[in-house]
Amino acid sequence: MTRHDELKQRLESMEASLAGKFEASCDARLAELGTQIKQFEKVKETTKVVERCTTAKPVAVAAGSTKLILGEVEKITLAKESMTLTARVDTGADTSSLGVYHLQPFERNGDDWIRFSLNKKKDAETIEYPVFDQVRVKASNSITEERYEIKLDIRVGGQVYRKQLFNLSDRTNLDYQVLLGRSFLRDIAVVDVSQKMLLGGK
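FYI, in numbering that gives the first Met the number 0 the residues of the sequence shown are 0 to 201.
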């Protein structure tokens, strides 16, 4: 075998070896990529499952039910005053609450009455109601307060609900002037907390 043939054979052997190593490297890389793709697909599928689980479903109500379906926030109207306010619907609160200003208790014909306004302006129109009761209520800041209770006629979803019990509170630092609690919701409505303004309004 000549020197030339020997070099040629060695080169061919080296080429075959390099080709084998390159092919093996490609196979390993492809296998690694395949594993990563499968892991990504699993993560993607898991994300879809989580999204399906966490997406709130509408509250189901039996056919023929007359109950209102309320979102977490709704518009209500004080029937006597024809004033529409935004209310937070809270199944965790026992009673309903109305945020008022310039609260003034007084007597009329020997009975306890309360005068207040629904606007914090000093010259705001005042409203008068007989006091139904005085109660102690634990506020959201865990401080117990004494509040006046009155009965209001309110319109919700086109229906007027008469003599609904509300305590009068200072809701200046809260987002909504009205809170609808269980005393109103009981036997009247179901709540879908994932929704807002199901009865219309903005």
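Idealized CB from N, CA, C, for every residue including glycine.
Q.
Relative to the C-alpha of T146, which candidate in V155, D152, R135 has its C-alpha closest?
A. A quick correction: the sequence has Arg, not Thr, at residue 146. When each option's Cα is compared against that of R146, the closest is R135.
Q) Among residues of its own chain, excluding the 5 on either side of Q163, which ones have a beta-carbon nearer than 6 Å to its beta-carbon? A) L151, I153, F183
(Q) Within a Cβ cutoff of 8 Å, which residues of the same chain sit near T143, ignoring the five residues on either side of it in sequence? (A) Answer for T143: R135, V136, K137, listed in chain order.
Q | Nearest residue (CA-CA) to E106, options L97, V130, G98, D89 | A | V130
Q. Does the beta-carbon of S96 have 16 or more other beta-carbons within 10 angstroms, so that it is buried, or is it exposed?
A. Counting Cβ neighbours within 10 Å, S96 comes out buried, since at least 16 surround it.
(Q) What does DSSP give as the partner residue(s) for I149 in the beta ladder? (A) F165
Q.
Please report the distance separating the alpha-carbon of G19 from that of R2.
A. 26 Å
Q. What residue from K79, L197, R170, Y160 has the CA that sits closest to I187's CA?
A. Y160
Q.
Once the 5 residues before and after V49 are set aside, which same chain residues still bring their CB inside 8 Å of it?
A. Any reading at V49 is ruled out, since the residue's pLDDT is 32, under 50, leaving its predicted position unreliable.
Q: Please go through the same chain and pick out, in chain order, the residues whose beta-carbon is closer than 7 Å to the beta-carbon of L205, but skip the five residues on each side of it.
A: The requested residue 205 is not part of the displayed model; the chain covers only 0 to 201.
Q: Could you work out which residue in R28, N166, L67, Q133 is closest to L198 when comparing CA atoms only?
A: L67
**Q.** Residues sharing a beta bridge with I113, DSSP
**A.** P104, Y128
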